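Protein chains: 2
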Amino acid sequence: MFEPITIKDIAKALGLSTSTVSRALRGGYEISADTKKLVLEYAEKINYHPNPIALSLKERRSHSIGVVVCEVANNYFSQAINGIESIAYNRGYHVIITQTHESFDREVVNVQHMASRSVDGLLISLSSETKDLSHIKYLHEKGLPIVFFDRVAADIETHKVVANNYQGAFDATEHLIKAGFRKIGHLTSSPTLSITKERLEGYKAALAAYNIPFRESYLKNCEHGGMIQTEVESAVRELITMTDRPDAIFVAGDKLSTGCLTTVKKFGLKVPADIAIAGFTNSDVAELFNPPLTSIRQPAFKIGQIATEMLIQLIESKYPVTEFITTRLDTELDIRKSSEYQPVPKYTF
Amino acid sequence: MFEPITIKDIAKALGLSTSTVSRALRGGYEISADTKKLVLEYAEKINYHPNPIALSLKERRSHSIGVVVCEVANNYFSQAINGIESIAYNRGYHVIITQTHESFDREVVNVQHMASRSVDGLLISLSSETKDLSHIKYLHEKGLPIVFFDRVAADIETHKVVANNYQGAFDATEHLIKAGFRKIGHLTSSPTLSITKERLEGYKAALAAYNIPFRESYLKNCEHGGMIQTEVESAVRELITMTDRPDAIFVAGDKLSTGCLTTVKKFGLKVPADIAIAGFTNSDVAELFNPPLTSIRQPAFKIGQIATEMLIQLIESKYPVTEFITTRLDTELDIRKSSEYQPVPKYTF
DNA sequence: TTGTAAGCGTTATCAT
DNA sequence: ATGATAACGCTTACAA
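Take a look at the structure:
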């Protein structure tokens, strides 16, 4: 039903062979200027476009890169995707986005589908369920260019781009400590994720730096990274109902932070009077939140850009790359000033 | 360098012809049970997967659907995309997402790219710059299945799925009126968009229903739908600094609503004491906002789902579809209770 | 300079 | 029941 203009049509119309037409359309060597012009003009006229599928089949590449993230509906990732696109677009690559919804099975399916559709490379942020990396290792060993960002795989040797999670967590925790809190809980994502580990280390280091003992009971993991509200709720409930409960929480994750805020509010706790919260979030409206949230911002856009640049470099390098680097970008602590948090008039309408 | 397991490899290994292998792999007629089993088991063992590119070339279809939205970093669209995916995934389709960033040129490029890569159908929400629809009309006339959602094209005959923007706008405006406001401004997106027009009509109708005259000066358009902060800022500034300024604003759009809130706060106005705001937003944390925002929620997930179902129906229907329907889903007015907006203690840490 | 033919991976048609 | 062949659209040795 659709767009049957092929190189053959041109050849027939012009009384040439398909190869001559092909040559005219491609680079210009081995062809007479006249023929070339003729073909080019005719192709233009009938609005010919080469069939990229045929090209992919032939060249075994697709000029597209695949992206694997857990969720698009997450400020960090949607910003990262914008960064990815900004680079890919003007380097002539198209971007295929897939979501895992934190499911390992889904990750495997997505990765395999994209690989088999000949994406030229993969940009991956692991799902929180992922422990086994063989589906990725397999492709990596076959030579498919892969760059990890955010949630990276420890034992796959390739480029990686992440925020300085350790330092961000340290800063956030230290911020809480300096504000006078010493009983600081930590609400975080799946313990298998690299970001979870790095942030936990930063948190522990800050506690240690101020001689505050780490307490196991103050640590809560949410496997689904805040996508499931009930999971956050029960974790937060446990934190705030335990004996000798924390008076502050350091939260590691975008959805987790907002989920925590929502829950705390639901339970009638005032922030920061009853409990203070500092969390990783890239929400552009974080400063509008009430209860207030001190947020650790990740350079998501930049991370997406760098990861994409590295991937394209990998794709286009003629020789196998042997040295892989991990780029670590600083986070930013966004502290609200107390003056901004004036009581608001009652909402009467 | 990559995944050279083809039907040929199986044929060679098993001493069969490629056609026999193909038959064994497909449906099962005209083949002996033994051979079939042999092939299937071997294919399984060496982890064979058919090359979708080759299939696409042959079948002239790709089992993928293309999505065109302005931004992924927008609560409405990221939720809609989740709806789209949820249906596409278990109907065996893959989803390719592209963003226009409200640019017409980008829309044209994206649409053409996807069409030429043989997507089986297109799910489109128009960019705010789009006036000329010929790039879409062309494909539509060629027979490419297209379903519009949210920002729809008036003069292209196909399925469309939208929220009841008229009613939503009416409800929001009426809500403000009933709360005692009579000078209600309207901050909205590009006047070319269907949603803009529908919402404007709803707003006007509500004013009329309460005998409030419509004032041209109270209407502000933002071409970029809130993606550019300065644009929102100057529009809001104009609204709140004019003589006889509005005491309430009805805002039409996700980013626009949060942008409006941010700006109003920046200018030191209290909500709703100085100015009340009701706006379309799908933010899952809207209830955390301070200043408070009364929000009109769109069933984004559902809209995505229905649009996808319709598209797949179009794709898979054997006969040309002649009757096209527009589905209109109700919005929901989310009014915060005044009791939830207690003054918060000063943020002292 | 141009044409012929093979091949990318698969399936459908036709023989056998 | 199985194999050979052509075809999907394109590029590229290799011939002419």
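Protein chains in written order, with our numbering: chain A, 1 to 349; chain B, 350 to 698. Each residue gets a CB set at the ideal place from its N, CA and C atoms; glycine is no exception. All values reported here derive from a predicted model rather than from experimental measurement.
Taking the Cα of V501/B as reference, the smallest distance to any Cα among H412/B, P562/B and K486/B is reached at K486/B. N221/A carries a strand assignment under DSSP once its states are collapsed to helix, strand and coil.
For I414/B against V468/B, the beta-carbon gap comes to about 6 Å, under 8 Å, which counts as contact. In chain B, no part has a C-beta under 9 Å from the C-beta of P246/A; the shortest such distance is about 14 Å. Under a 10 Å Cβ-count criterion, A558/B is classified as exposed, with fewer than 16 other Cβ atoms of the shown protein chains found around its own Cβ. For Q647/B, there are no neighbours in chain A by C-beta distance under 9 Å, as the nearest C-beta there is about 14 Å away. Per DSSP, reduced to three states, the secondary structure at G575/B is coil, with no helix or strand assignment.
Here DSSP, grouped into helix, strand and coil, assigns D683/B to strand. Cα atoms of G492/B and H398/B: separation of roughly 30 Å, rounded to the nearest angstrom. At a Cβ-Cβ threshold of 9 Å, L568/B and L549/B count as neighbours. Fully enclosed beta strand (DSSP E) runs of no fewer than 3 residues occupy 160-163, 184-189 and 219-222 of the region 154-236 of chain A, in order along the chain.
Counting along the chain, I65/A sits inside the beta strand (DSSP E) bounded by residues S64 to V69. For V72/A, the nearest CB of chain B lies under 9 Å from its own CB, placing it at the interface with that chain. Between D150/A and the set Y166/A, H140/A and H135/A, the nearest pair of CA atoms involves Y166/A. Given a length threshold of 3 residues, each whole run of the beta strand (DSSP E) inside the region 612-688 of chain B is given here in chain order: 625-629, 643-646, 675-678 and 681-683. Listed by position along chain A, the residues whose Cβ is nearer than 7 Å to that of Q448/B are E85. When the alpha-carbon of T355/B is set against those of N396/B, E390/B, I661/B and A382/B, the nearest one is in N396/B.
Only exposed fits P4/A, as fewer than 16 other CB atoms lie within 10 angstroms of its CB. Non-local C-beta neighbours of M310/A in its own chain, meaning closer than 6 Å and more than five positions away in sequence, comprise V147 and H159, ordered along the chain. Cα atoms of K183/A and L333/A: separation of roughly 20 Å, rounded to the nearest angstrom.
A straight-line Cα-Cα distance of about 14 Å links T173/A and R215/A. Using a CB distance cut-off of 9 Å, D633/B counts as an interface residue toward chain A. Here E141/A is exposed: its Cβ has fewer than 16 other Cβ atoms, across all protein chains shown, within 10 Å. In the displayed model, A601/B falls within coil according to three-state DSSP, outside both helix and strand.
Closest in alpha carbon position to S127/A, among S189/A, S78/A, A206/A and F301/A, is S189/A. If you look at G121/A, you'll find it in the beta strand (DSSP E) that goes G121 to I124. Of the other Cβ atoms in all chains shown, 16 or more fall within 10 Å of the Cβ of A307/A; this residue is therefore buried. Straight through space, the alpha carbons of K12/A and V21/A are spaced by roughly 10 Å.
The beta-carbon distance between P401/B and S317/A, rounded to whole angstroms, is 26 Å. This is too long to meet the 8 Å contact definition.
In this structure, the CA atom of R237/A is about 10 Å from the CA atom of R245/A. For a Cβ distance threshold of 9 Å, nothing in chain B lies close to R23/A: the least Cβ distance comes to about 21 Å. When the Cα atoms are used, V417/B and H462/B turn out to be separated by approximately 11 Å. Here the C-alpha atom of Q654/B lies approximately 15 Å from the C-alpha atom of I674/B.
Below the 7 Å Cβ cutoff, chain B contributes no neighbours of N90/A, its closest Cβ being approximately 11 Å away. Proximity of chain B to H186/A at the Cβ level (cut-off 7 Å) is not reached, the minimal Cβ distance being about 17 Å. Here the alpha carbons of T258/A and G226/A stand approximately 8 Å from one another.
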